[in-house]
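Letter by letter, the sequence shown follows residues 6 to 289 in this note's numbering.
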Amino acid sequence: MADLNNKENQNPSEINFQHLSEELFKLHNELRKNPQSFIEKLSQAETYFKDRIFRYPSEIPIETYEGPKAIKNAIEFLQNQNPVKELIYSESLSKAAFDHANDIGKQGLHSHESSNGALLNERIEQYTEWDGAIAESLQFCYKTPENIIMSLIIDDGSKEKHQRQNLFSEEFQYVGIGCAKHKTFKLCTVFNYAKNLYQIGEEPPEIIEYDQNYLQNKMSEKDPNPFQIDDPYAPDNTIGVKIVKIKKNFGDGEHNITRKIFSLEDGKKHIIDYEEREAVDEKV
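This is the structure:
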């Protein structure tokens with residue numbers, strides 16, 4: 006889709022990206038509260054089509070994948086979409102979103118994979134822990150909140166309309182937004198979504214399994230190893246452990262993660278995650 010407002014001709018270097026992301030967050034929640042609020046805007050955009058070419062006055066013509074039928078489909082969708090709960094703004098998700106926007110923007114990429122091969126879950130886990138599900142939406146070119154959101158609703162060229170689904174998904178509770186310059190498309194906006202978030206090093210909000218008998222009792226002061234634990238990942242100064250089962254949905258589908266949270270004598274936590282009995286991550 007193309008720009009719908011002349012004021013969008015401003016140079017990306019003149020855009021306040023922080024302000025843009027804040028306005029996008031507000032508009033995103035307004036759309037969730039009132040899905041029909043964008044129908045009139047979409048109807049106006051439909052008038053600027055000629056076949057599959059979007060031709061706004063004084064703007065460069067843009068060839069779309071689906072043409073006007075994509076807007077008709079979006080309008081029909083909004084007419085039948087019920088309001089959904091507002092999302093909570095996440096600073097951590099926004100940092101991860103900005104990192105990706107800045108990275109692919111400098112490289113001129115158009116991908117959910119970072120230039121170094123990192124995936125969404127890896128970017129998010131630099132700033133926060135999560136469980137349940139995460140998702141990401143990418144939008145390029147547009148510089149005003151209305152046009153960016155409208156492009157995600159239309160989701161031109163996508164059969165599954167994943168970006169539209171992300172806008173209205175009731176599975177997610179949190180969203181983070183990051184904007185940056187793009188080498189090819191001038192501007193890139195990234196939306197990161199998550200179901201549950203908690204700080205790095207904290208226990209997940211729901212402990213599914215807690216094994217109180219995991220450790221043997223203290224033997225005697227003469228015993229060189231008074232705490233006996235049958236676990237290759239347990240530090241020597243372990244005094245307790247909680248076992249957590251976490252379901253994570255990312256990348257190629259659902260992953261069943263086991264997390265062991267070892268309590269240490271010095272008050273610290275030693276946390277290890279593994280899938281299918283093979284350690285995949287370690288944090289202290």
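From the three backbone atoms N, C-alpha and C, an ideal C-beta is built for every residue, glycine too.
Being a predicted model, the structure only gives us computed values, none of them experimental.
Kindly give me the distance between the Cβ atoms of residue i and residue j, rounded to whole angstroms, as I take these residues to be in contact under 8 Å.
{"i": "T69", "j": "F59", "result": "6 Å"}
{"i": "A138", "j": "N254", "result": "4 Å"}
{"i": "F177", "j": "Y203", "result": "With 8 Å as the limit, F177 and Y203 do not qualify as a contact, their Cβ atoms being about 15 Å apart."}
{"i": "I251", "j": "D136", "result": "5 Å"}
{"i": "T194", "j": "Q144", "result": "5 Å"}
{"i": "L172", "j": "L36", "result": "6 Å"}
Would you say residue i and residue j are within 8 Å of each other, going by their C-beta atoms?
{"i": "A106", "j": "G162", "result": "no"}
{"i": "L47", "j": "I80", "result": "yes"}
{"i": "I159", "j": "I266", "result": "no"}
{"i": "E141", "j": "H115", "result": "no"}
{"i": "S26", "j": "S120", "result": "no"}
{"i": "F43", "j": "L83", "result": "yes"}
{"i": "Y147", "j": "L192", "result": "yes"}
{"i": "I205", "j": "E134", "result": "yes"}
{"i": "Y179", "j": "I93", "result": "yes"}
Pick helix, strand or coil for residue i, following the three-state DSSP scheme.
{"i": "S48", "result": "helix"}
{"i": "A185", "result": "strand"}
{"i": "Q144", "result": "strand"}
{"i": "H117", "result": "coil"}
{"i": "S95", "result": "coil"}
{"i": "N152", "result": "helix"}
{"i": "R57", "result": "coil"}
{"i": "I205", "result": "coil"}
{"i": "E127", "result": "helix"}
{"i": "G110", "result": "helix"}
{"i": "A239", "result": "coil"}
{"i": "K166", "result": "coil"}
{"i": "K290", "result": "There is simply no residue 290 to check, as the chain begins at 6 and stops at 289 in what is shown."}
{"i": "N261", "result": "strand"}
{"i": "F85", "result": "The sequence given here has Asn at residue 85, not Phe. Here N85 sits in helix by DSSP."}
{"i": "S268", "result": "strand"}
{"i": "D278", "result": "strand"}
{"i": "D160", "result": "coil"}
{"i": "K252", "result": "strand"}
{"i": "F22", "result": "helix"}
{"i": "F196", "result": "strand"}
{"i": "P175", "result": "One point to set straight first is that residue 175 is Glu, not Pro, in the sequence displayed. Note: E175 maps to coil in three-state DSSP."}
Cα-Cα, which of the options is closest to residue i?
{"i": "T149", "options": "K273, H33, E270", "result": "H33"}
{"i": "E130", "options": "Q144, L269, E207", "result": "E207"}
{"i": "S95", "options": "F196, G113, K164", "result": "F196"}
{"i": "L29", "options": "E259, N152, D236", "result": "N152"}
{"i": "K38", "options": "Q86, D56, H24", "result": "Q86"}
{"i": "N242", "options": "K200, D271, Q170", "result": "D271"}
{"i": "V249", "options": "N261, L83, A239, M155", "result": "N261"}
{"i": "H275", "options": "A50, P40, P237, Q168", "result": "P237"}
{"i": "R57", "options": "Q112, I67, G72", "result": "G72"}
{"i": "L157", "options": "T133, I93, N78", "result": "N78"}
{"i": "Q49", "options": "N201, K164, M155", "result": "M155"}
{"i": "E175", "options": "E259, A239, V89", "result": "V89"}
{"i": "R264", "options": "D278, Q168, N201", "result": "D278"}
Verify the contact flag: residue i, CB atom, against every heavy atom of the ligand PLP, threshold strictly below 7 Å.
{"i": "S156", "result": "Summarising the ligand content, the structure contains no ligands, and the ligand PLP is consequently not present."}
Three CB pairs or more closer than 8 Å across the region 120-127 and the region 186-194: no
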